[in-house]
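Chains as they are written, first to last, in the working numbering: chain A, 224 to 338; chain B, 3 to 116.
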Amino acid sequence: SAVISQKPSRDICQRGTSLTIQCQVDSQVTMMFWYRQQPGQSLTLIATANQGSEATYESGFVIDKFPISRPNLTFSTLTVSNMSPEDSSIYLCSVGTGEVVTEAFFGQGTRLTVV
Amino acid sequence: KQEVTQIPAALSVPEGENLVLNCSFTDSAIYNLQWFRQDPGKGLTSLLLIQSSQREQTSGRLNASLDKSSGRSTLYIAASQPGDSATYLCAAPLGGTSYGKLTFGQGTILTVHP
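What follows is the structure in C-alpha cells.
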C-alpha cells in the first residue's frame, strides 16, 4: 500500500488566482495521477504525472490550465490556474503500486472553492 | 473507451441487511477492477482489488465478484451497519492499462439506518 498526503486539504480562492496542490507519497512510485471530482459527480482523470517529463493530459484538460510537476518519484504538484467558480471541485492525487497488477491508492483530496 | 455504470444510484436499508451493489463495464479486456469507499468530502479508501484471473475477493464483511465475460462486478456487504454509510465507487482501468489509471462509475450512495 501507499500513504499519500495532500496539501492543502481545503482552500477558498478568489477567481482569477492560481492554487498549487501538493502530493507527497511515503514510498517511491512509478505512476502518479491527478483526478477531479466536481460537486455531486464521480472522479475524472485529469492527467498522468510523469517523472522527468511533461505530464500526459486526458481529453478536455490542458497544460495551461492544469500545469503539473513531478520532480521525483515521491512528489507531484497540480496547479489550477486562472480559477473560475467552475473549478470548484475536489482534486485528488492517486498512485499505482504493484509490479504485475496495480492497485490504486488515493490521497484525502483538496476541496477547492472558488468565489 | 471504458465506461463504467453503477446501480442503484442510491440505497437506503435498515441495519443488519445484506446488500448487493452492482457495477458494469464495457471493455472486458481488463487486468483488474477495484472497489472504493468515499465518505462525504473525503478521499477514496480502497476496499477490494479483483484481478482478472480471480472471480472473487473477500475482506471481512465485504465480498466482490468479477465476471469479465458479462462485464459485471458485484460488491456484497453482509450484515450492514450504520458505519457502512458512504458512497461506493467501482473503477476499471482505462483502455486496457494495468497501472492504476482508472475510469469510475457514478457511485452508489448507501445509507444504513439504525
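In this text, a Cβ means the ideal position worked out from N, Cα and C, and glycines have one as well.
List the residues of chain B whose Cβ lies closer than 7 Å to the Cβ of residue i, in chain order.
i         : result
Arg334(A) : Gly43
Gln331(A) : Lys44 and Gly45
Ser317(A) : Gly102
Thr271(A) : Lys103
Who are the neighbours of residue i on chain B, taking C-beta pairs under 8 Å?
i         : result
Gln247(A) : The premise fails here: Gln247(A) is roughly 14 Å from chain B at the closest Cβ pair, so nothing lies under 8 Å.
Which bits of chain A does residue i rub up against, with CB to CB less than 7 Å?
i         : result
Phe106(B) : Ser265 and Leu266
Gly62(B)  : Simply none; closest approach about 16 Å.
Gly109(B) : Ser265
Leu91(B)  : Ser265
Strictly below 9 Å CB to CB, what residues from chain A border residue i?
i        : result
Gln36(B) : Glu326 and Ala327
Ser48(B) : Ser224, Glu326, Ala327, Phe328 and Phe329
Tell me whether residue i sits in a helix, a strand or coil according to DSSP, three-state version.
i         : result
Glu309(A) : helix
Gly107(B) : coil
Leu96(B)  : helix
Pro84(B)  : helix
Ile244(A) : strand
Pro116(B) : coil
Arg238(A) : coil
Ala11(B)  : coil
Thr300(A) : strand
Tyr90(B)  : strand
Determine the chain B residues that contact residue i at a beta-carbon separation under 9 Å, and present them in chain order.
i         : result
Phe256(A) : Gly102, Lys103 and Leu104
From the DSSP output, read off the bridge partner residues of residue i.
i         : result
Gln59(B)  : Ala66(B)
Val6(B)   : Phe27(B)
Thr47(B)  : Arg39(B)
Glu326(A) : Thr320(A)
Ala225(A) : Paired residue(s): none; Ala225(A) is not in a bridge.
Thr336(A) : Ile235(A)
Tyr198(A) : With chain A running from 224 to 338 in the structure shown, residue 198(A) is simply not present.
Asn34(B)  : Gln53(B)
Thr76(B)  : Asn24(B) and Ser67(B)
Please list the partners that residue i has in chain A, where partner means a Cβ-to-Cβ separation under 8 Å.
i        : result
Leu96(B) : Leu268
I believe residue i touches residue j by the beta-carbon criterion, under 8 Å. Please report the beta-carbon distance rounded to the nearest angstrom.
i         : j         : result
Leu23(B)  : Gln8(B)   : 7 Å
Thr89(B)  : Ile111(B) : 5 Å
Ala66(B)  : Ile52(B)  : 6 Å
Val252(A) : Thr320(A) : 6 Å
Ile244(A) : Thr333(A) : 5 Å
Leu125(B) : Leu68(B)  : The structure shown does not extend to residue 125(B), since chain B is modelled only from 3 through 116, so no value can be given for it.
Phe38(B)  : Thr47(B)  : 6 Å
Met254(A) : Tyr33(B)  : Contact doesn't hold; Cβ gap of about 13 Å is too wide.
Ser312(A) : Gln260(A) : 6 Å
Ser241(A) : Asn305(A) : 7 Å
Ser317(A) : Tyr258(A) : 6 Å
Gln59(B)  : Leu50(B)  : 5 Å
Does any C-beta atom of chain C lie closer than 7 Å to the C-beta of residue i?
i        : result
Ile32(B) : Within the model displayed, chain C is absent; protein chains A and B are what it includes.
Self-check item: Completely contained beta strand (DSSP E) runs for the segment 273 to 298 of chain A, where each covers 3 or more residues
Solution: Within the segment 273 to 298 of chain A, the complete beta strand (DSSP E) runs of at least 3 residues fall at 291 to 295.
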